[in-house]
Amino acid sequence: MNGIEIIGLGKAVPKTRLKNDDLRQYMDTSDEWIRSRTGIEARHLCTGEESLTDLAAEAARRAMENAGIAPEEIGLVICATCTTDYMVPSMACAVQEIAGIPGGIPAFDINAACSGFVYGLQLIHSLMNAGSICRPERSCALLIGGEQLSKMLDFSERSVSVLFGDGAAAAIVRVSAEKRFFCHTAAEGDRGALYAHTVGRNQIPMLEFEGKKTVSENPLRVSESLASEIMRDGYLKMDGQKVFRFAVHVLASEIDEMEAQSGISAEDIDYIVCHQANCRIIDYVRKQRKLPAEKFFMNLREYGNTSGASIPLALADMKDRGMLKPGIRIFCVGFGAGLTWGGCYLEF
Ligand code: COA
71 MNGIEIIGLG KAVPKTRLKN DDLRQYMDTS DEWIRSRTGI EARHLCTGEE SLTDLAAEAA
131 RRAMENAGIA PEEIGLVICA TCTTDYMVPS MACAVQEIAG IPGGIPAFDI NAACSGFVYG
191 LQLIHSLMNA GSICRPERSC ALLIGGEQLS KMLDFSERSV SVLFGDGAAA AIVRVSAEKR
251 FFCHTAAEGD RGALYAHTVG RNQIPMLEFE GKKTVSENPL RVSESLASEI MRDGYLKMDG
311 QKVFRFAVHV LASEIDEMEA QSGISAEDID YIVCHQANCR IIDYVRKQRK LPAEKFFMNL
371 REYGNTSGAS IPLALADMKD RGMLKPGIRI FCVGFGAGLT WGGCYLEF
């Protein structure tokens, strides 16, 4: 099997930037608490007319520009997201329309929460090597990680809402005979550690629209009590300590897995790009493995946890800082709701 390589990266984040202290107008918190527990200093959140779909399309456009390719060369579009704007169509199809990517190619979304980008790379690697997806003239895949976590944040619940932010980043990927690629993904079904419920609009018995209350006529609607429970659970809920324990465990085990698959030790790898959830998770594993801080690229300070967007946002920032020079080798590790996790080895 051939490997894959990332030949272009682009990102788009919302204009509104809230510093930790800005959150004090909504909740009883402090910059000191957030910074010392998580390493986060700011996050970007969609406001006004900004939408996740537009951010994702902008990130895609910039990634194509960075790769020096035209929309006509894209043969596969995958969006990794758990906060898509539409139940249908997929965000991938919406981006395809906005970014002017001609039809006749597969485009779909995947939801593996914060591990979505690693899952997406694994899919692209398998699909493109299978030979049935891309025609020679459309040999590039577009993989977008995009999230608007602010849709499910309850700003009266301080322990969860301070952690997350919005953003999108995209990668142009193609098969390579020279660059090696290894990947491992996994999940362990768990609905309680990190979740947000959803419900169809017409299942809610009492709708309030433009100040008027109307009763949904859908005979399949849920009971009022179940509807209010679902509405309450529509906000992101998390068992922080359970997720913390899970994250340090899988981060360490995926580094081991990537060392075994690539034959390169963590000491010798150039960078480890982890899902940007919490600097304490990364520091814990880094100290356990006695690895230097410089090996772990971090941009969590500026964006908070952007779920499926976090690893591509980190790669896009590394590219902007000139860190992705030819020959650079990286381990990426994602982990999140599901519970899902995964690691991959990339060569630039
Ligand atoms: N500002 C100020 N105080 C806060 C706060 C906030 N934003 N959020 C919680 N607190 C308070 C709590 O009310 C509690 O106060 P009490 O002791 O008076 O009851 C205290 O801080 C400690 O709360 P606790 O929830 O026990 O904190 P913690 O040390 O476990 O840290 C997390 C909480 C969320 C930072 C930590 O559990 C964590 O990082 N978990 C992993 C989360 C994660 O990365 N999830 C995404 C994975 S994809």
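Heads up: the sequence shown is residues 71 to 418, going by our numbering.
Each residue gets a CB set at the ideal place from its N, CA and C atoms; glycine is no exception.
Remember, it's a predicted structure, so these values are computed and weren't measured experimentally.
Cross-strand partners of residue i (DSSP beta bridge)
i	result
W411	A256 and F405
Y265	K307
G215	A150 and A239
N181	Partner(s): none; N181 has no beta bridge.
C210	I144 and R244
N375	F234
R399	E417
F366	I342
Cβ-heavy atom distance, residue i to the ligand COA, below 7 Å
i	result
T99	yes
M308	yes
G408	no
R94	no
F405	yes
V313	yes
L223	no
T151	no
V232	yes
S202	no
T376	no
S229	yes
C344	no
C184	yes
I351	yes
A317	yes
W411	no
T255	no
R107	yes
I171	no
I110	no
I104	yes
First through last residue of the beta strand (DSSP E) which encompasses residue i
i	result
T86	T86 to K89
I46	The structure shown does not extend to residue 46, since the chain is modelled only from 71 to 418, so the question has no answer here.
L79	G73 to A82
Opening and closing residue of the alpha helix (DSSP H) in which residue i lies
i	result
F187	G186 to A200
R113	Looking at the DSSP string, R113 is not in any alpha helix (DSSP H); the run it does join, the beta strand (DSSP E), is A112 to L115.
S295	E294 to R302
I104	D101 to T108
Y354	C349 to Q358
Q166	M161 to I168
I381	S380 to D390
G223	The identity of residue 223 in the sequence shown is Leu, whereas the question assumes Gly. Element bounds for L223: n/a, residue is neither H nor E.
E135	L122 to A137
Check: residue i C-beta below 7 Å from any heavy atom of the ligand SAH
i	result
A347	In the structure on display, the ligand SAH does not appear, and the ligands it does have are the ligand COA.
**Request:** Indicate whether the contact test is met: 3 or more Cβ pairs, each with one atom in the stretch 198-207 and one in the stretch 181-190, closer than 8 Å.
**Result:** no
**Asked** Is the stretch 81-92 touching the stretch 228-240, taking contact as three or more C-beta pairs under 8 Å?
**Response** yes
**Message:** I'd like to know if the stretch 332-348 and the stretch 204-213 are in contact, where contact means that at least 3 CB-CB pairs between them fall below 8 Å.
**Reply:** no
**Message:** Could you check whether the stretch 320-331 touches the stretch 399-406, counting it as contact only if at least three pairs of C-beta atoms, one from each stretch, sit closer than 8 Å?
**Reply:** yes
**Asked** Does the stretch 348-365 come close enough to the stretch 211-229 to have 3 or more Cβ pairs within less than 8 Å?
**Response** no
**Message:** When you compare the stretch 100-107 with the stretch 124-133, are there three or more beta-carbon pairs, one atom per stretch, that lie closer than 8 Å?
**Reply:** Touching, no.
**Asked** Between the stretch 377-393 and the stretch 149-159, do at least 3 Cβ pairs fall closer than 8 Å?
**Response** Note that the stretch 377-393 touches the stretch 149-159; at least 3 beta-carbon pairs, one per stretch, sit closer than 8 Å.
**Stretch pair the stretch 379-399 + the stretch 169-182: three plus CB contacts closer than 8 Å** = no
**Prompt:** Contact between the stretch 303-314 and the stretch 251-264: three or more CB pairs below 8 Å?
**Reply:** yes
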